[in-house]
Amino acid sequence: MPNRCVAYGCSNTSSKSISVFHFPKNDALRKKWTEQVKRTRAEWKGPTRNSVFCSEHFTQDCFEVGKRMCKSFGLETTAKLKKDAVPTSFKRKLTEALEPAAKKPAYEKRERLRVNDSM
Ligand SMILES: [Zn+2]
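Just so it is clear: in the sequence shown, position 98 is 98 by the UniProt record's numbering, and no numbers are missing.
Here it is, written out as structure tokens:
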């Protein structure tokens, strides 16, 4: 089974023109990637060993310069991400998730928990 891209509205697999990238092992970066997925897929459970992002979600400057060289040799599938690259290119706009309203439910939940604790 090929790994499918986890981004909303995308199910790309590795192909001639698409590269897929596993989630980084670095915790901080891994969290950033996870957050990016959750902005468009709130129900997403988090990365597994098989979770990947395809190259569609990374801007050109996320890739090592070497990619351009590879491309000229017809080896685009060897595209290499920079160490701190974060996927930022999604089909649905990210701005709505950035509104304060998106954070409200978590806050309310905390409030409710606190009330319960005091009882
Ligand atoms: Zn994708």
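Just so you know, even glycine gets a beta-carbon here, dropped at the ideal spot from N, CA and C.
7 Å CB neighbourhood of residue i in its chain, flanking five on each side removed
i          : result
alanine 85 : Phe58 and Cys62
lysine 25  : none
proline 2  : Thr13 and Ser14
6 Å CB neighbourhood of residue i in its chain, flanking five on each side removed
i           : result
glycine 9   : Lys91
arginine 30 : Phe23 and Pro24
valine 6    : Val37 and Ser51
lysine 83   : none
CB-CB length for residue i against residue j, believed under 8 Å
i             : j           : result
tryptophan 44 : valine 52   : Their Cβ separation, rounded to whole angstroms, is 13 Å, which puts tryptophan 44 and valine 52 out of contact at 8 Å.
arginine 4    : serine 11   : 5 Å
residue 171   : cysteine 54 : Only positions 1 to 119 of the chain appear in this structure, which leaves residue 171 out of reach.
Residues of its chain near residue i, where Cβ-Cβ distance is below 8 Å and the 5 sequence neighbours each way are ignored
i            : result
glycine 46   : Thr34
lysine 32    : Val86
glutamate 56 : Cys5, Ala7, Cys10, Asn12, Ile18 and Ser89
Inset, instruction - Note down, one range per segment and in chain order, each alpha helix (DSSP H) of at least 4 residues found wholly within the UniProt domain "THAP-type" (1-90). - result: 27-40 and 66-72
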